[in-house]
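Visitor: Below is the structure I would like to discuss, written out as structure tokens.
2 protein chains.
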Amino acid sequence: MKDRTLLMIPGPVEVEPAVLAAHAAPPTSHLEPRFIEAFSRALVGLRGLFGAADGQPFVLAGTGTLAMDSAAANLVEPGDAVMVVNTGYFGDRFGAIFERYGAQVGHVRAAVGDRPEAAGLRAALSTATGPVKLVAITHVDTSTGVLTDVPGLARVAREHGALVVVDGVCSIGGEALHMNDDGVDLALTASQKAVGLPPGLALLMAGPRAMEAFRARRTPAGSFYSDWANWLPIMEAYEAHRPAYFGTPAVNLVWALDASLALILRERMTVRWARHQRLAKACRAGLAALGLGQVPVRAEIAANTMSAPRLPAGVSAQDLLPRVADAGATLAGGLHASARSEYFRIGHMGACGLGEVLATLGALETGLAACGYAFERGAGVKAAAAAGG
Amino acid sequence: MKDRTLLMIPGPVEVEPAVLAAHAAPPTSHLEPRFIEAFSRALVGLRGLFGAADGQPFVLAGTGTLAMDSAAANLVEPGDAVMVVNTGYFGDRFGAIFERYGAQVGHVRAAVGDRPEAAGLRAALSTATGPVKLVAITHVDTSTGVLTDVPGLARVAREHGALVVVDGVCSIGGEALHMNDDGVDLALTASQKAVGLPPGLALLMAGPRAMEAFRARRTPAGSFYSDWANWLPIMEAYEAHRPAYFGTPAVNLVWALDASLALILRERMTVRWARHQRLAKACRAGLAALGLGQVPVRAEIAANTMSAPRLPAGVSAQDLLPRVADAGATLAGGLHASARSEYFRIGHMGACGLGEVLATLGALETGLAACGYAFERGAGVKAAAAAGG
Chain A
1027 MKDRTLLMIP
1037 GPVEVEPAVL
1047 AAHAAPPTSH
1057 LEPRFIEAFS
1067 RALVGLRGLF
1077 GAADGQPFVL
1087 AGTGTLAMDS
1097 AAANLVEPGD
1107 AVMVVNTGYF
1117 GDRFGAIFER
1127 YGAQVGHVRA
1137 AVGDRPEAAG
1147 LRAALSTATG
1157 PVKLVAITHV
1167 DTSTGVLTDV
1177 PGLARVAREH
1187 GALVVVDGVC
1197 SIGGEALHMN
1207 DDGVDLALTA
1217 SQKAVGLPPG
1227 LALLMAGPRA
1237 MEAFRARRTP
1247 AGSFYSDWAN
1257 WLPIMEAYEA
1267 HRPAYFGTPA
1277 VNLVWALDAS
1287 LALILRERMT
1297 VRWARHQRLA
1307 KACRAGLAAL
1317 GLGQVPVRAE
1327 IAANTMSAPR
1337 LPAGVSAQDL
1347 LPRVADAGAT
1357 LAGGLHASAR
1367 SEYFRIGHMG
1377 ACGLGEVLAT
1387 LGALETGLAA
1397 CGYAFERGAG
1407 VKAAAAAGG
Chain B
1027 MKDRTLLMIP
1037 GPVEVEPAVL
1047 AAHAAPPTSH
1057 LEPRFIEAFS
1067 RALVGLRGLF
1077 GAADGQPFVL
1087 AGTGTLAMDS
1097 AAANLVEPGD
1107 AVMVVNTGYF
1117 GDRFGAIFER
1127 YGAQVGHVRA
1137 AVGDRPEAAG
1147 LRAALSTATG
1157 PVKLVAITHV
1167 DTSTGVLTDV
1177 PGLARVAREH
1187 GALVVVDGVC
1197 SIGGEALHMN
1207 DDGVDLALTA
1217 SQKAVGLPPG
1227 LALLMAGPRA
1237 MEAFRARRTP
1247 AGSFYSDWAN
1257 WLPIMEAYEA
1267 HRPAYFGTPA
1277 VNLVWALDAS
1287 LALILRERMT
1297 VRWARHQRLA
1307 KACRAGLAAL
1317 GLGQVPVRAE
1327 IAANTMSAPR
1337 LPAGVSAQDL
1347 LPRVADAGAT
1357 LAGGLHASAR
1367 SEYFRIGHMG
1377 ACGLGEVLAT
1387 LGALETGLAA
1397 CGYAFERGAG
1407 VKAAAAAGG
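Those protein sequence lines, which keep their order, are chains A and B. Letter by letter, the first sequence follows residues 1027 to 1415 of the numbering used here. Letter by letter, the second sequence follows residues 1027 to 1415 of the numbering used here.
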């Protein structure tokens, strides 16, 4: 294996040099004036990232699962009903988290690689035995690469009076999502995905209806560490250029977040989303030219931040992926329990451009050839270059 | 303010170049072979750091408060009795966390700057209305710089059948603590203290009695994100050189942890503790020569990882600390609510040596002079050099 490969998994991802430099500097005090300014800028910048002019941002040290934990622990109380629009591993997880905090959880499911549509959610909400407080949607399930229709699902959820919570771990910063326009009450992500940082930060944006639900709680949040009652005064203080202490912020990651948000907002969200769409189109054109199918059952429900290609007959991920890594690109195996051995995963988000997609397809071709798979060498790279130009 | 000051607060701290380099590299996959080896080495190395040959390590993305949350959420169930040996802000916090997870919490307290001794704990445990499941001890309370007698307190706790849990956030890697020798069932810390990393990792070591208590739970852990049922298979897999997924590890911090533990264990724990004792002695000799008192009411109960000097009459932290920073050393203000304006804090842990202590005292002298405080210039640095040589 090369000492340096392209990191093309659905997180962690390649990081922009300016972000890496901000992250690499010696730690600063969390109370020094320059850090306070950087944190304040990052909090303001997150509103642009999430499309939530009226949102309350939370930046917590932890993983994407902490972001999900924080959403669930603060928004539900024992006995509340939650409906999960489930497209895979992370829908199951979100359901388990809501249950831990006392919710009664229902799931609207589809076959692996497919997705529930708005009509399916409407049917589930209409037949629920009581009011559903919250609908949780995985925007892109990292286990399947399936993209859900957030605006359509959100409309139905709100028609039924439910809060709309979006797990955007594998989407935000890469897939089109604008909380205000799309009717989303809370969205969350993690630092190592399309936001383009190393892993270690959970990012949440709570809109007015989510904050209202939090303020109306009759019981404290189920988790102490996730409790917004602890973190809200800190976020408000830093945004207002005042230091405050609850837990020590992951200062290096906050510096990196500030640097990355500057790049993201300079690119502009709509341009960034279009770039991810081009990258996905290029990657899938290349994979199709190599004869590989996809886990998502229709092109229009496949994510733009990642691809989940099916393995050719006779080629296992254990054989293929080390060879692709030797050829220069680190990819990921399958994750969804019922199909884990049948597919692999490619991330194309954040700092990724067409060059990385072409390099990845080239490495994939080398790996496939080494595994004895018969195909026209160069066809994947050529198709991707043509589709992504 | 200089662009580069010494970071002499009780966390984050100065970081060794090798650790900073490991942390600064572009993120790797959490599933690549070299990362798996680094994580495995780090997990094994943590047993040496904590002095727990039979311990189960946990490395979680989060702050020190997450480590406390994880200890409490996994070790207590609703109705369990907990006794906190309280020396300040973090004793109060630990109590609040145990309460969140349903425990009945008592506190053994002392005046600010003093500490409860083993006899006080024995009295509290003897007069408790029922069995106390767990005694929680803050080894060094970062708010007061008071060091507790862990072995003496642990002996009493175990005589009463209680689990011994040590919040070592401001101690582990700097203060003498050996879980096996000292009778500690769980100890925890955070990455940005005496372990010498940037902030963002919570580190726990659970001994056999703690794991037994966890396995005997009748209810799931109160927090999903903190739940060892989620993390234990991951820690076991990585230690056994197998990849596994629950949440994406903070890969850069794990690489840094591996690098820092190599340095720490090469120095050897007893040598490292003695170095911290010398640094503390030097710092306090310097502060005394400048006429500054301490929050800890007796020298023998003052921490070795940090100092909490009292401000001279007529000098406020708001006036002093920016001037000290201008002169090259970033210090921290007070944190304990009842004395916040009366003192400030200096961290001397991790990668810190006598040079940093002398530089800090020099900057402090410059700051004190600029505030109009009358003292013999050079006296603090001279006394520290003499005491720390």
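A virtual CB, placed ideally from N, CA and C, is assigned to each residue, including glycine. Quick caveat: nothing in here was measured; it's all calculated off a predicted structure.
Cβ of serine 1055 of chain B within 8 angstroms of Cβ of leucine 1203 of chain A?
Guide: It is not a contact, given that the beta carbons lie outside the stated cut-off.
Visitor: Give me the subset of the segment 1094-1105 of chain A whose CB atoms are less than 9 angstroms from a CB atom of chain B, sorted by chain position.
Guide: Within the segment 1094-1105 of chain A, the qualifying residues are Met1094, Asp1095, Ser1096, Ala1098, Ala1099.
Visitor: Applying the 10 Å Cβ sphere with the 16-neighbour rule, what's the burial state of glycine 1199 of chain A?
Guide: The residue in question, glycine 1199 of chain A, is buried, as its Cβ has 16 or more Cβ neighbours within 10 Å.
Visitor: Do serine 1333 of chain A and leucine 1313 of chain A have their C-beta atoms within less than 8 angstroms of each other?
Guide: A contact, by the Cβ cut-off of 8 angstroms.
Visitor: Suppose contacts are defined by Cβ-Cβ distances below 8 angstroms. Is valine 1176 of chain B in contact with valine 1192 of chain B by that definition?
Guide: Cβ atoms of valine 1176 of chain B and valine 1192 of chain B: closer than 8 angstroms.
Visitor: Alpha carbons only, please: which of B/Ala1395, B/Glu1391, B/Ala1396 is nearest the one belonging to glycine 1406 of chain B?
Guide: Among B/Ala1395, B/Glu1391, B/Ala1396, the Cα nearest to that of glycine 1406 of chain B is on B/Glu1391.
Visitor: Kindly indicate which residue of B/Val1190, B/Met1231, B/Ala1154 has the alpha-carbon position closest to the one of leucine 1086 of chain B.
Guide: Nearest of B/Val1190, B/Met1231, B/Ala1154 to leucine 1086 of chain B, Cα basis: B/Met1231.
Visitor: Closer than 9 angstroms, Cβ to any Cβ of chain B: which residues of the segment 1054-1076 of chain A, in chain order?
Guide: So the close ones are Thr1054, Ser1055, His1056, Leu1057, Glu1058, Pro1059, Arg1060.
Visitor: The beta strand (DSSP E) that contains threonine 1164 of chain B, what's its start and end?
Guide: Note, threonine 1164 of chain B: beta strand (DSSP E), 1160-1164.
Visitor: Inspect the beta-carbon positions of glycine 1414 of chain A and arginine 1304 of chain A and report whether they are closer than 8 angstroms.
Guide: It is a contact, given that the beta carbons lie within the stated cut-off.
Visitor: Are valine 1041 of chain A and proline 1053 of chain B touching if we call contact CB-CB under 8 angstroms?
Guide: Yes, these two residues count as a Cβ contact at 8 angstroms.
Visitor: Please report how far the alpha carbon of aspartate 1253 of chain B lies from the alpha carbon of alanine 1097 of chain B, in whole angstroms.
Guide: Each residue's Cα considered, the two are about 9 angstroms apart.
Visitor: In terms of residues, what are the limits of the alpha helix (DSSP H) holding glutamine 1130 of chain B?
Guide: Counting along the chain, glutamine 1130 of chain B falls outside any alpha helix (DSSP H), though it belongs to the beta strand (DSSP E) covering 1130-1135.
Visitor: Sort B/Phe1120, B/Gln1218, B/Ser1169, B/Pro1225 by Cα distance to valine 1161 of chain B and report the nearest one.
Guide: Closest option to valine 1161 of chain B, Cα to Cα, is B/Phe1120.
Visitor: With distance defined between alpha-carbon atoms, name the residue in B/Ser1342, B/Pro1275, B/Leu1357 nearest to glycine 1088 of chain B.
Guide: Comparing Cα positions, the closest option is B/Pro1275.
Visitor: Can you find a CB in chain B that lies within less than 8 angstroms of the CB of arginine 1148 of chain A?
Guide: Not closer than 8 angstroms to any Cβ of chain B, the Cβ of arginine 1148 of chain A fails to qualify, so no.
Visitor: Looking at the secondary structure, which residues open and close the alpha helix (DSSP H) in which methionine 1416 of chain A lies?
Guide: For chain A, the structure presents residues 1027 to 1415; residue 1416 of chain A sits outside this window and is missing.
Visitor: Can you name, in chain order, every residue of its own chain whose Cβ lies under 7 angstroms from the Cβ of arginine 981 of chain A, other than the five neighbours on each side?
Guide: Since the first and last residues shown for chain A are 1027 and 1415, residue 981 of chain A lies out of range.
Visitor: How many Å lie between proline 1338 of chain A and glycine 1317 of chain A at the Cα?
Guide: Roughly 8 angstroms between the two C-alpha positions.
Visitor: Quick check on valine 1158 of chain B - is its C-beta less than 8 angstroms from some C-beta in chain A?
Guide: Answer no: the Cβ-Cβ gap between valine 1158 of chain B and chain A never drops below 8 angstroms.
Visitor: Can you tell me where the beta strand (DSSP E) holding valine 1108 of chain A begins and where it ends?
Guide: Where valine 1108 of chain A is concerned, the enclosing beta strand (DSSP E) stretches over 1107-1112.
Visitor: Under 6 angstroms Cβ to Cβ from isoleucine 1327 of chain B, same chain only, skipping five residues before and after it: list those, please.
Guide: Arg1141, Val1172, Leu1173.
Visitor: Give, in chain order, every residue of the segment 1278-1296 of chain B whose Cβ lies closer than 8 angstroms to some Cβ of chain A.
Guide: Within the segment 1278-1296 of chain B, the residues whose Cβ lies closer than 8 angstroms to some Cβ of chain A are Asn1278, Leu1279, listed in chain order.
Visitor: Taking only beta-carbon positions, decide if serine 1333 of chain A is within less than 8 angstroms of chain B.
Guide: Chain B contact via Cβ: absent.
Visitor: In chain A, which residues lie less than 8 angstroms from threonine 982 of chain B when you measure between Cβ atoms?
Guide: Not covered by the structure: residue 982 of chain B. The range shown for chain B is 1027 to 1415.
Visitor: Is there a Cβ from chain A that is less than 8 angstroms from the Cβ of serine 1364 of chain B?
Guide: With 8 angstroms as the cut-off, serine 1364 of chain B does not count as an interface residue toward chain A.
Visitor: Out of B/Arg1067, B/Ser1249, B/Leu1189, which one is the CA nearest neighbour of glycine 1233 of chain B?
Guide: Out of B/Arg1067, B/Ser1249, B/Leu1189, B/Leu1189 has the C-alpha closest to the C-alpha of glycine 1233 of chain B.
Visitor: What residues from the segment 1107-1118 of chain A come within 7 angstroms of chain B, judged by C-beta to C-beta, listed N to C?
Guide: Against chain B - using a Cβ distance shorter than 7 angstroms - the segment 1107-1118 of chain A contributes no residues.
Visitor: Which residues does DSSP pair with alanine 1355 of chain A in a beta bridge?
Guide: DSSP lists A/Leu1032 as partners of alanine 1355 of chain A.
Visitor: For glycine 1226 of chain A, go through chain B and note every residue whose CB falls closer than 7 angstroms to its CB, in chain order.
Guide: Result: Ala1087, Gly1226, Ala1276, Leu1279.
Visitor: For a quick check, are the C-beta atoms of lysine 1219 of chain B and valine 1383 of chain B less than 8 angstroms apart?
Guide: No, Cβ-Cβ distance for lysine 1219 of chain B and valine 1383 of chain B is not below 8 angstroms.
Visitor: Between the segment 1335-1366 of chain A and chain B, which residues of the former have a C-beta closer than 8 angstroms to a C-beta of the latter?
Guide: Residues passing the 8 angstroms Cβ filter: Ala1351, Thr1356, Ala1358, Gly1359, Leu1361.
Visitor: Per the DSSP calculation, valine 1192 of chain A is bridged to which residue(s)?
Guide: Partner(s): A/Ile1163, A/Ala1213.
Visitor: Please classify glutamate 1238 of chain B as buried or exposed, where buried requires at least 16 other C-beta atoms within 10 Å of its C-beta.
Guide: Burial call: exposed.
Visitor: Between glycine 1128 of chain B and alanine 1150 of chain B, which are expected to be in contact by the criterion C-beta below 8 angstroms, what is the C-beta distance as a whole number of angstroms?
Guide: Not really, about 20 angstroms apart at Cβ, beyond 8 angstroms.
Visitor: List the whole-angstrom C-beta distance separating alanine 1409 of chain B from alanine 1315 of chain B, where the pair is believed to meet the contact cut-off of C-beta under 8 angstroms.
Guide: The Cβ separation is near 4 angstroms, so the contact holds.
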